[in-house]
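Structure first, commentary second.
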Amino acid sequence: MIELENVAYSYGGAELLSDISLKLAPGSFHFLTGPSGAGKTTLMKLCYGALLPTAGHVRLFDADVRGLTRDDVAMVRRRVGVVHQDCQFLDHLPVRENVALPLHVSGRSQEAAGEDLNDLMHWVGLTKRANALPPELSGGERQRAALARAVIMSPEVVLADEPTGNVDWDMSQRLLRLLIELNRMGKTVLVATHDLGLIRATKTHVQARVLRIANRRIQLAGADL
Amino acid sequence: MRRLAKRLSRVFASDPQADRVVPPSGFTAQLTLFAAGAMAFLAVFALALSLASGRLAARWGDELGRSATIRIAAPADQQQAQTEAALRILETTRGVQSARAFTSEEQAALLAPWFGTELSLDALPVPQLIEVIETSGGMDPAGLRLRLAAEVPGAVLDDHSRWRAPLVKAASRLRFLGWTAIVLIGAVMAAMVTLAAHAALAANAQVIRVLRLVGATDDYIAQAFIRRFTLRALSGASAGMVLGMLAVLLMPRGGDETASFLTGLGFQGWHWILPLVLPLLAAVVAFIATRLAARRTLEELS
Ligand SMILES: Nc1ncnc2c1ncn2[C@@H]1O[C@H](COP(=O)(O)OP(=O)(O)OP(=O)(O)O)[C@@H](O)[C@H]1O
Ligand SMILES: [Mg+2]
Numbered sequence: 004m005i006e007l008e009n010v011a012y013s014y015g016g017a018e019l020l021s022d023i024s025l026k027l028a029p030g031s032f033h034f035l036t037g038p039s040g041a042g043k044t045t046l047m048k049l050c051y052g053a054l055l056p057t058a059g060h061v062r063l064f065d066a067d068v069r070g071l072t073r074d075d076v077a078m079v080r081r082r083v084g085v086v087h088q089d090c091q092f093l094d095h096l097p098v099r100e101n102v103a104l105p106l107h108v109s110g111r112s113q114e115a116a117g118e119d120l121n122d123l124m125h126w127v128g129l130t131k132r133a134n135a136l137p138p139e140l141s142g143g144e145r146q147r148a149a150l151a152r153a154v155i156m157s158p159e160v161v162l163a164d165e166p167t168g169n170v171d172w173d174m175s176q177r178l179l180r181l182l183i184e185l186n187r188m189g190k191t192v193l194v195a196t197h198d199l200g201l202i203r204a205t206k207t208h209v210q211a212r213v214l215r216i217a218n219r220r221i222q223l224a225g226a227d228l
Numbered sequence: 004m005r006r007l008a009k010r011l012s013r014v015f016a017s018d019p020q021a022d023r024v025v026p027p028s029g030f031t032a033q034l035t036l037f038a039a040g041a042m043a044f045l046a047v048f049a050l051a052l053s054l055a056s057g058r059l060a061a062r063w064g065d066e067l068g069r070s071a072t073i074r075i076a077a078p079a080d081q082q083q084a085q086t087e088a089a090l091r092i093l094e095t096t097r098g099v100q101s102a103r104a105f106t107s108e109e110q111a112a113l114l115a116p117w118f119g120t121e122l123s124l125d126a127l128p129v130p131q132l133i134e135v136i137e138t139s140g141g142m143d144p145a146g147l148r149l150r151l152a153a154e155v156p157g158a159v160l161d162d163h164s165r166w167r168a169p170l171v172k173a174a175s176r177l178r179f180l181g182w183t184a185i186v187l188i189g190a191v192m193a194a195m196v197t198l199a200a201h202a203a204l205a206a207n208a209q210v211i212r213v214l215r216l217v218g219a220t221d222d223y224i225a226q227a228f229i230r231r232f233t234l235r236a237l238s239g240a241s242a243g244m245v246l247g248m249l250a251v252l253l254m255p256r257g258g259d260e261t262a263s264f265l266t267g268l269g270f271q272g273w274h275w276i277l278p279l280v281l282p283l284l285a286a287v288v289a290f291i292a293t294r295l296a297a298r299r300t301l302e303e304l305s
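Residue numbers (the numbering used here), protein chains in the order written: chain S, 4 to 228; chain G, 4 to 305.
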């Protein structure tokens, strides 16, 4: 689905990531970890076409990102649900419409009226806040809304960048359970997180691989976690 | 052209949700409306000016161009003979349809404004006038002048072109300036919409980023802006056009032929349809300007 081959990336200075090869197979569950500033967010951005690699090849759904037009990138984003580290919303629209936004922009507005949206809002515990504006939400509520928005299109791949950064342990467990549920339905999941406890807790429910960024490279972490 | 029409029709097929993704913008929207209205108002006048001066140029060119006058100033005893000689020459001149000496009553009528009706012309050495009507092909005034000089020493040919030409030229120039003004008004309108669209796009950079992240195509995003500006230009220009037409309609009418330039500043016959096209033109201009601005901006933002 998403394939990186000898990828390097630099924001202009020294290389931040070097010689990264990675393959997210359909139905797999990966964690991405590493110290702050290691390049987790950068790697995620390479995976949904927000950044182009400075060397090597990134293939999204079997197409090289360098060959994608802007419309192609838009289409890729409908198949990849992304939870951004800095959740951004349309601040003038209520949460409910923000969650349904991917449906609207892809011409599937009629689905926004369906039960699925209500179920999803319920799942992330935002039913009561559905009509609030995003700036009125707490940090954790924003992250839950971002996760709901990422999965509303029922995407093939879910990329979540620190989805539990601002929520308590119970809520982070619930969010992770939602991701595990999606993975069981066959979705490919990649979660970037610092939280080793969360990784350990998840590994009891799902077979997850842990990737660690260290020294600009990516390593498969051992079973020691 | 057909593609443009299709795109334009999409602007009017509303998608209320697509409109809502971009936050409403109060003040700049009013400015765009106002500017479009003012431009349409001015365009109505420029149009009226162009059409009126066009009519004038055509009429003067037509009426004056086809007639000439010969003045015969000779001693009283030779006047009759010279007049007949001139008429004979005219009969054999190519391009002359007819020629006719004014009767003394007609000459008296022409002079009445200056001398009053009491004066008898017989007492004055008034030159004899001959009216020459040309064929549509026109005659050769220089050739005629040579022949007259040889046989009718007292004859002076006035083919009106001396004072006609600058008038017709001025009227044509005025028409040209009118059309130039319309083109300039359209260009200013395009510049203004481009500026407003750029401002709107810049103010909504965050909105555009979010939309791109959730999979919106450039077309979808641009559409929200294009629709706004096109509709604003259309409604603003419609209001301006109506006001402009009312103002033209309320211009005082009447007066004689010579004053007709001022009092004839208006629309005649089917020309009344032309101003109705202005709002549509404004909408097309706004559509294209916003589309170009949106495309450029969206490609800069990743
Ligand atoms: N747009 C940018 N321009 C220049 N440098 C950048 C840019 N974005 C990130 N960086 C730098 O690249 C490095 C990696 O950033 P990145 O956001 O990928 O780290 P991260 O692993 O996600 O960190 P965290 O765990 O804190 O989220 C950082 O040193 C950061 O300062
Ligand atoms: Mg990060």
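All C-beta atoms, glycine included, are put in the ideal place defined by N, C-alpha and C. It should be emphasised that the depicted structure is a prediction, and the values quoted were computed from it without experimental measurement.
Beta bridge pairing from DSSP links A217 of chain S with S:R220.
A distance of 8 angstroms or more separates the beta carbons of V99 of chain G and M42 of chain G.
The straight-line gap separating the alpha-carbon atoms of G57 of chain G and F48 of chain G is approximately 14 angstroms. When 7 angstroms is used as the limit between beta carbons, T220 of chain G is near these residues of chain S: D74 and A77, in chain order. Note that the C-beta distance between Y51 of chain S and R80 of chain S is below 8 angstroms. From the beta-carbon of L214 of chain G, the residues of chain S found nearer than 9 angstroms are L93, L104 and V108.
The beta carbon of R231 of chain G sits no closer than 8 angstroms to any beta carbon of chain S. Using a Cβ-Cβ cut-off of 8 angstroms, R23 of chain G counts as an interface residue toward chain S, since at least one Cβ of chain S sits closer than that to its own. Pairing Q88 of chain S with A149 of chain S, the inter-Cα distance amounts to about 9 angstroms. Taking a cut-off of 8 angstroms for Cβ pairs, the stretch 201-213 of chain G and the stretch 79-89 of chain G do not touch, as fewer than three such pairs fall below it. Residue S:L19 holds the alpha-carbon nearest to the alpha-carbon of I221 of chain S among S:I5, S:L19, S:E100 and S:Y14.
Look at the stretch 155-223 of chain G and you find these whole runs of alpha helix (DSSP H), each 4 residues long or longer: 164-206 and 208-216.
By the neighbour-count criterion, in which a residue is buried when 16 or more other Cβ atoms sit within 10 angstroms of its Cβ, M254 of chain G is exposed. Counting only Cβ-Cβ distances below 9 angstroms, V85 of chain S has contacts in chain G at L216 and V217, in chain order. Under DSSP, E100 of chain S forms no beta bridge with any residue. Around the Cβ of D164 of chain S, a 10 Å sphere holds 16 or more other Cβ atoms; the residue is buried. Beta-bridge pairing by DSSP links R212 of chain S to S:H33. Within the stretch 196-211 of chain G, the residues whose Cβ lies closer than 9 angstroms to any Cβ of chain S are, in chain order, Q209 and V210.
Beta bridge pairing from DSSP links K26 of chain S with S:E6.
The C-beta separation of A153 of chain S from V108 of chain S comes to about 14 angstroms, leaving the pair out of contact by the 8 angstroms criterion. Bridge partners of L193 of chain S according to DSSP: S:H33 and S:L162. Judged by their CB atoms, L25 of chain S and L7 of chain S are nearer to each other than the 8 angstroms cut-off. Listed along chain G are R23, each with a C-beta nearer than 7 angstroms to that of L96 of chain S.
For T44 of chain S, the distance from the CB to the nearest heavy atom of ligand 2 is below 7 angstroms. Annotated three-state conformation of L132 of chain G is strand, per DSSP. Beta-carbon to beta-carbon, L223 of chain S and L214 of chain S are separated by about 6 angstroms, close enough to satisfy the 8 angstroms threshold.
Comparing alpha-carbon positions, the option among G:L7, G:R5 and G:A21 lying closest to A225 of chain G turns out to be G:A21.
As computed with DSSP, A58 of chain S is found in a beta bridge with S:A11.
With respect to the 8 angstroms criterion, F64 of chain S and M4 of chain S are classified as neighbours on the basis of their beta carbons. In this structure, DSSP gives V47 of chain G a helical state, which the three-state scheme calls helix. Around the beta carbon of Q210 of chain S, fewer than 16 other beta carbons lie within 10 angstroms, which makes this residue exposed. Ranked by Cα distance from P138 of chain S, the first of S:M124, S:R111 and S:N101 is S:N101. Cβ contact annotation for A46 of chain G (same chain, cutoff 7 angstroms, sequence separation greater than five): I185, I188 and L281, in chain order.
In this structure, A193 of chain G places its C-beta atom within 8 angstroms of the C-beta atom of A292 of chain G. Set against 7 angstroms, the gap from the CB of Q146 of chain S to the closest heavy atom of ligand 2 is not smaller. Nearest Cα to L106 of chain S within the set G:Y223, G:A115, G:I133 and G:V196: G:Y223.
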